[in-house]
Amino acid sequence: MLVSPELKITVARQCELLSVERSGLYYKPVPKVDDTVMMNRIYDIWYKSPCFGYRRVTKVLRRDGMRVNRKKVKRLMDLMGLKAIFPGPKTSLKGESHKIYDYLLDDLYIARPNHAWQVDITYIRTRKGFAYLTALIDVYSRYIVGWVLSNTMEASFCLEALNQALELRL
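This is the structure we're talking about:
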């Protein structure tokens, strides 16, 4: 009741007189849950298994009996700066079998186009992993003479870029 019960005014009329919605009269606010307990539990799970992302952390929390939404777990992990640790792309081989050569164009005087080309491979992160862009660049004009985009790091796609450049320039 908004006013004294002795006045014999219905709840609907009282709400109308006070310009209040009836649903607001019965509204009980949901108490805010302290996120520190959940954040501590998320950190414990992530510390034991740093390869777990927010989805797997959510599964562990649910298995432990906590009612959580994966979006809330993601928001809290972002707030704490926690991210899953996973291996990156295998871009180059290390060891004696992979020799590093000196820069061969240091002492070369380049006076015309098509005298020397350079190759560049760029790794482009996508939602499903990496894409690899191979570009052949004319050293004299800095013009891209051939390029190929691939989803694998095989030598064949580098040769495709070379063949494309040879067809266009020679």
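The sequence shown begins at 42 in the numbering used here and counts up one residue at a time. Using N, Cα and C, we set each Cβ at its ideal position, and we do this for glycine too. Since this is a predicted model, take the numbers as computed values, not measurements.
Using the Cα positions of residue i and residue j, report the straight-line distance between them to the nearest angstrom.
i, j, result
"Val71", "Arg63", "18 angstroms"
"Asp161", "Pro128", "23 angstroms"
"Leu66", "Asn81", "37 angstroms"
"Leu145", "Leu177", "16 angstroms"
"Ile50", "Lys73", "35 angstroms"
"Val186", "Gln205", "8 angstroms"
"Thr175", "Arg168", "20 angstroms"
"Tyr88", "Ile126", "11 angstroms"
"Ala152", "Thr163", "27 angstroms"
"Val61", "Ala53", "9 angstroms"
"Asn110", "Asp143", "55 angstroms"
"Gly122", "Ile86", "14 angstroms"
"Arg96", "Lys112", "9 angstroms"
"Asp76", "Thr99", "14 angstroms"
"Ile165", "Leu211", "30 angstroms"
"Ser45", "Gln55", "10 angstroms"
"Arg108", "Lys124", "22 angstroms"
"Tyr68", "Arg104", "32 angstroms"
"Asp147", "Ser90", "48 angstroms"
"Leu209", "Trp158", "13 angstroms"
Helix, strand or coil for residue i per DSSP?
i, result
"Phe198", "helix"
"Ala152", "coil"
"Tyr84", "helix"
"Val186", "strand"
"Tyr67", "helix"
"Arg108", "coil"
"Lys89", "helix"
"Asp119", "helix"
"Leu146", "coil"
Is it true that the CB of residue j sits closer than 8 angstroms to the CB of residue i?
i, j, result
"Pro213", "Asp179", "Nothing can be reported for residue 213, as the shown portion of the chain is limited to 42 through 211."
"Met79", "Leu117", "yes"
"Val141", "Val114", "The residue asked about is misnamed: residue 141 is Ile in this sequence, not Val. No."
"His156", "Tyr173", "no"
"Pro130", "Phe171", "yes"
Kindly identify the DSSP beta-bridge partner or partners of residue i.
i, result
"Gln159", "Ile178"
"Tyr164", "Tyr173"
"Ser60", "BP columns for Ser60 are empty, so no partner."
"Ser191", "Tyr173"
Please confirm whether any heavy atom of the ligand GDP lies closer than 7 angstroms to the CB of residue i.
i, result
"Ile50", "Absence of the ligand GDP is noted for the structure shown, with no ligands found whatsoever."
| request: Take every Cβ of the region 170 to 190, pair it with every Cβ of the region 198 to 208, and state whether three or more of those distances are shorter than 8 angstroms. | output: yes
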